[in-house]
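**Student:** Each number in the numbering used here comes from the position in the sequence shown (counting from 1) with 360 added on. Even for Gly, the Cβ is constructed at its ideal location relative to N, Cα and C. Handing you this structure, nothing more for now.
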Amino acid sequence: MAGELASWLSSLHASAGDFVDALAAFGRTMLLPSRLQQIALALVLAALAWLAARPLGARMEDWMRGLEGRPKWQLRAFIILRRRLPLILFVAMIWLAAGLFAALYSFPSRRYVLVLVATIASAWLAIRLAAQLIRNRLLRNVVVWGLSLWATLYYLGLLDETSDALDAIAVTFGDFRLSALAVIKALALTAALFMAARTLTIASSRRIRTVRDISPSVQELLVKLLRIGLYGAAFFIGLKAVGFDLTGLAVLSGAIGVGLGFGLQKVVSNLVSGVIILLDKSVKPGDVISLGDTFGWIEELGARYVSVVTRDGKEYLIPNEDLITGQVVNWSHTNNFVRLDIFFGTAYGDDPHLVRKVAVEAAKSVDRVLSHRPPVCHITGFGDSSVDYILRFWITDPTGGLTNIRGNVYLALWDAFKAHGISIPFPQREVRVLNDSLAIDTGGAPGSDAVPERPSGTDSDPSQVSGPTSSKGLGKGAP
Numbered sequence: 361m362a363g364e365l366a367s368w369l370s371s372l373h374a375s376a377g378d379f380v381d382a383l384a385a386f387g388r389t390m391l392l393p394s395r396l397q398q399i400a401l402a403l404v405l406a407a408l409a410w411l412a413a414r415p416l417g418a419r420m421e422d423w424m425r426g427l428e429g430r431p432k433w434q435l436r437a438f439i440i441l442r443r444r445l446p447l448i449l450f451v452a453m454i455w456l457a458a459g460l461f462a463a464l465y466s467f468p469s470r471r472y473v474l475v476l477v478a479t480i481a482s483a484w485l486a487i488r489l490a491a492q493l494i495r496n497r498l499l500r501n502v503v504v505w506g507l508s509l510w511a512t513l514y515y516l517g518l519l520d521e522t523s524d525a526l527d528a529i530a531v532t533f534g535d536f537r538l539s540a541l542a543v544i545k546a547l548a549l550t551a552a553l554f555m556a557a558r559t560l561t562i563a564s565s566r567r568i569r570t571v572r573d574i575s576p577s578v579q580e581l582l583v584k585l586l587r588i589g590l591y592g593a594a595f596f597i598g599l600k601a602v603g604f605d606l607t608g609l610a611v612l613s614g615a616i617g618v619g620l621g622f623g624l625q626k627v628v629s630n631l632v633s634g635v636i637i638l639l640d641k642s643v644k645p646g647d648v649i650s651l652g653d654t655f656g657w658i659e660e661l662g663a664r665y666v667s668v669v670t671r672d673g674k675e676y677l678i679p680n681e682d683l684i685t686g687q688v689v690n691w692s693h694t695n696n697f698v699r700l701d702i703f704f705g706t707a708y709g710d711d712p713h714l715v716r717k718v719a720v721e722a723a724k725s726v727d728r729v730l731s732h733r734p735p736v737c738h739i740t741g742f743g744d745s746s747v748d749y750i751l752r753f754w755i756t757d758p759t760g761g762l763t764n765i766r767g768n769v770y771l772a773l774w775d776a777f778k779a780h781g782i783s784i785p786f787p788q789r790e791v792r793v794l795n796d797s798l799a800i801d802t803g804g805a806p807g808s809d810a811v812p813e814r815p816s817g818t819d820s821d822p823s824q825v826s827g828p829t830s831s832k833g834l835g836k837g838a839p
């Protein structure tokens with residue numbers, strides 16, 4: 361063990377020494393007076409480019425604000441150029457300076473540094489412009505800095521020495537050797553493959569969704585299978601690039617699968633339920649469903665959940681398992697026809713034949729009510745104070761809302777009943793208040809308005825009332 365460690369340290373020291381020697385040799389070549397002048401000129405040009413980019417950038421922003429009707433990709437390109445304006449100006453200035461030096465001096469060494477800096481700066485600019493195709497900001501920054509470092513080392517002639525130094529940093533597991541260089545290559549290759557897989561997935565998804573002969577649920581299934589296949593291939597190719605033996609994953613994946621099976625039962629259940637939903641076509645994007653208190657249309661079928669958007673703008677993420685095991689009302693499963701019912705009542709004095717005719721015509725006058733499936737109106741019973749009816753009508757756009765169409769039909773019924781003199785009764789009750797205390801004092805029947813005459817010679821004091829009247833007021837059992 362100590363011998364292997366000593367060998368590894370010796371190899372690392374040798375590789376690091378080669379890298380340091382190459383870097384020192386390159387640095388000594390840069391100390392020549394002519395090349396120091398070129399380095400100073402490059403620094404001055406960098407400062408001038410940064411200073412010139414500020415007023416030019418402000419003018420460019422004002423010019424972009426005045427653009428109207430341009431495509432979004434053009435506006436996005438202008439914004440990218442505005443952000444890279446200092447580097448663009450520096451590249452233009454450094455190449456112009458290299459051209460002037462080439463015209464003034466015939467020796468290539470008099471313009472070597474300028475050409476080298478111009479080449480590296482051009483590579484940086486190209487990398488940053490091309491990296492805008494990557495939408496993920498973290499991945500884009502990693503790609504920009506990684507490729508910029510690689511391009512710098514390549515043009516400086518230090519790539520081989522750097523590769524040897526990284527390859528010396530390694531660990532060994534039996535016959536398997538894992539070096540820092542192999543890890544970096546695997547990460548770079550995996551990132552490139554993932555970007556390629558993402559690009560192919562987006563392009564293929566758009567293409568698949570334009571095929572009208574395939575149902576939306578099958579389209580989603582094909583897109584998901586394509587995404588899983590491409591990303592899985594990118595991952596395993598990246599592992600293979602490291603030199604990892606994939607056959608060793610057989611036993612390991614089995615052990616991990618058993619553990620994950622117990623811990624991720626719901627996740628796996630939702631994944632399998634999502635595949636079943638796509639296969640049996642029970643729901644698809646655009647369907648209007650109601651699940652419990654949630655009513656809305658399906659926006660997206662995810663691998664783990666279904667996105668349902670309601671009329672009030674809320675987006676519910678319903679697990680796929682709930683749509684498999686629970687009762688779901690799909691308003692547009694086989695067709696978009698939806699029948700709605702509303703209830704109302706009219707007075708007994710109104711002609712029921714006229715009421716039914718007026719109700720049907722009122723429903724037909726509403727915009728969203730279908731005319732080729734005419735509304736119908738039926739008597740459902742004779743109530744305590746009204747004749748009860750049900751009005752049924754059909755619509756084909758449940759995504760437009762159900763409460764609002766019911767409200768419009770009710771409003772049309774109100775206007776039609778007003779125009780034809782049809783009344784809508786409401787329960788009325790007559791309440792009579794019985795003043796029992798007054799009846800007891802007067803000796804009359806309950807509710808009587810009789811007031812006893814006051815005996816002569818008495819004042820207003822109730823205690824002076826005659827005996828019989830007072831006795832009757834006291835009730836049974838009074839002395």
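Leaving out five residues before and five after Glu580 in sequence, what residues of the same chain have Cβ atoms less than 8 Å from its Cβ?
**Tutor:** Only Leu638, Lys644, Pro645 and Leu661 meet the Cβ criterion.
**Student:** Here's the rule I'm using: 16 or more other beta-carbon atoms within 10 Å means buried, otherwise exposed. How should Asp775 be labelled?
**Tutor:** Asp775 should be labelled exposed.
**Student:** Could you compute how far the alpha carbon of Ala412 sits from the alpha carbon of Ala406?
**Tutor:** Taking the straight line from one Cα to the other gives about 10 Å.
**Student:** Nearest-angstrom Cα distance between Val669 and Asp647?
**Tutor:** Between Val669 and Asp647, the C-alpha separation is close to 11 Å.
**Student:** Compare the Cα-Cα distances from Trp510 to each of Trp433, Ile480 and Leu441 and report the closest residue.
**Tutor:** Nearest C-alpha to Trp510: Ile480.
**Student:** Starting from the C-beta of Arg436, find all residues in its chain whose C-beta is less than 7 Å away, skip the five residues before and the five after it, and write them out in chain order.
**Tutor:** Around Arg436: no qualifying Cβ.
**Student:** Using only the alpha-carbon positions, how far apart do Asp520 and Val475 sit?
**Tutor:** Using only the alpha carbons, I get a separation of about 21 Å.
**Student:** With DSSP as the reference, label Leu730 as helix, strand or coil.
**Tutor:** It is coil, neither helix nor strand.
**Student:** Using only CA atoms, which one of Arg671, Gly761, Ser565 and Arg443 lies nearest to Ala418?
**Tutor:** Checking every option, the nearest Cα to that of Ala418 belongs to Arg443.
**Student:** Are the Cβ atoms of Ala478 and Ala458 separated by less than 7 Å?
**Tutor:** For Ala478 and Ala458, yes; Cβs fall inside 7 Å.
**Student:** Determine the burial state of Ser831: buried for a count of at least 16 other Cβ atoms within 10 Å of its Cβ, exposed for fewer.
**Tutor:** Legend: pLDDT at Ser831 = 37, less than 50; position of this residue unreliable, no value from coordinates given.
**Student:** Could you tell me the boundaries of the beta strand (DSSP E) in which Arg699 lies?
**Tutor:** Counting along the chain, the beta strand (DSSP E) containing Arg699 begins and ends at Val698 to Thr706.
**Student:** Can you tell me where the beta strand (DSSP E) with Thr561 in it begins and where it stops?
**Tutor:** No beta strand (DSSP E) contains Thr561, which is instead part of the alpha helix (DSSP H) from Ala540 to Arg569.
**Student:** Between which two residues does the beta strand (DSSP E) holding His738 run?
**Tutor:** Looking at the DSSP string, the run of the beta strand (DSSP E) that includes His738 is Val736 to Phe742.
**Student:** Which word fits Ser692, buried or exposed, when buried means at least 16 other C-beta atoms lie within 10 angstroms of its C-beta?
**Tutor:** Buried, since its Cβ has 16 or more Cβ neighbours within 10 Å.
**Student:** What does the Cβ neighbour count give for Val404, buried or exposed, with the cut at 16 atoms within 10 Å?
**Tutor:** The residue in question, Val404, is exposed, as its Cβ has fewer than 16 Cβ neighbours within 10 Å.
**Student:** Please report the distance separating the alpha-carbon of Pro680 from that of Ile649.
**Tutor:** The sequence as given places Asn at residue 680; Pro does not occur at that position. The alpha-carbon atoms of Asn680 and Ile649 are separated by roughly 14 Å.
**Student:** Beta-carbon within less than 8 Å of Thr706's beta-carbon, same chain only, minus the 5 sequence neighbours each way: which residues are those?
**Tutor:** So the qualifying residues of the chain are Pro712, Val715, Ser746, Val747, Tyr749, Phe777, Ile782, Ser783, Ile784 and Pro785.
**Student:** Compare the C-alpha of Lys674 against each of Asn690, Ala772 and Gly656 and name the closest.
**Tutor:** Minimum Cα distance to Lys674 is reached at Gly656.
**Student:** For Ala439, which of Asp710, Arg789, Val451 and Met420 has the nearest alpha-carbon?
**Tutor:** Reading the sequence as shown, one finds Ile at residue 439 and not Ala. The shortest C-alpha separation from Ile439 is found at Met420.
**Student:** Locate the alpha helix (DSSP H) running through Gly506, then write down its first and last residues.
**Tutor:** Here the alpha helix (DSSP H) through Gly506 covers Arg497 to Leu516.
**Student:** Consult DSSP for Asp753 and reduce its assignment to one of helix, strand or coil.
**Tutor:** It should be noted that the sequence gives Phe, not Asp, for residue 753. Reduced to three states, the DSSP call for Phe753 is strand.
**Student:** Which residue comes first and which comes last in the alpha helix (DSSP H) that contains Tyr770?
**Tutor:** Run containing Tyr770: Thr763 to His780, per the alpha helix (DSSP H) assignment.
**Student:** Going by DSSP in three states, Cys630 sits in which element: helix, strand or coil?
**Tutor:** Reading off the sequence, residue 630 comes out as Asn, not Cys. Correct three-state label for Asn630: helix.
**Student:** Report the partner residues of Phe655 according to the DSSP bridge assignment.
**Tutor:** Paired residues: Ser650.
**Student:** Would you call the CB atoms of Val504 and Gln398 closer than 7 Å?
**Tutor:** For Val504 and Gln398, no; Cβs fall outside 7 Å.
**Student:** Taking 7 Å as the cut-off, decide whether the C-beta atoms of Thr338 and Arg587 are in contact.
**Tutor:** The question about residue 338 has no answer, for the chain in this structure spans 361 to 839.
**Student:** From this set, Tyr514, Phe704, Arg572 and Phe595, which residue's C-alpha is nearest Phe554's C-alpha?
**Tutor:** When only C-alpha atoms are compared, the closest one is Phe595.
**Student:** Using three-state DSSP, classify Leu599 as helix, strand or coil.
**Tutor:** Three-state result, Leu599: helix.
**Student:** State buried or exposed for Gly741, treating a residue as buried only when at least 16 other CB atoms are found within 10 Å of its CB.
**Tutor:** By the 10 Å Cβ count, Gly741 comes out exposed.
**Student:** What is the DSSP secondary structure of Pro431, counted as helix, strand or coil?
**Tutor:** Correct three-state label for Pro431: coil.
**Student:** Pick out whichever of Leu541, Leu507 and Tyr515 has its Cα sitting closest to the Cα of Asp527.
**Tutor:** Taking only the C-alpha atoms, the option nearest Asp527 is Leu541.
**Student:** CB-CB under 6 Å to Phe703, same chain, minus the five flanking residues each way: which ones, in chain order?
**Tutor:** Answer for Phe703: Ile750, listed in chain order.
**Student:** Taking Leu773 and Ala722 to be in contact with their CB atoms under 8 Å, please state how far apart those CB atoms are, rounded to whole angstroms.
**Tutor:** Sure, about 5 Å apart at Cβ, within 8 Å.
**Student:** Just to confirm, are Leu631 and Ala593 a CB contact at a threshold of 7 Å?
**Tutor:** It is not a contact, given that the beta carbons lie outside the stated cut-off.
**Student:** Since Ser466 is in the alpha helix (DSSP H), which residue starts that stretch and which ends it?
**Tutor:** From DSSP, Ser466 is part of no alpha helix (DSSP H); its letter is neither H nor E.
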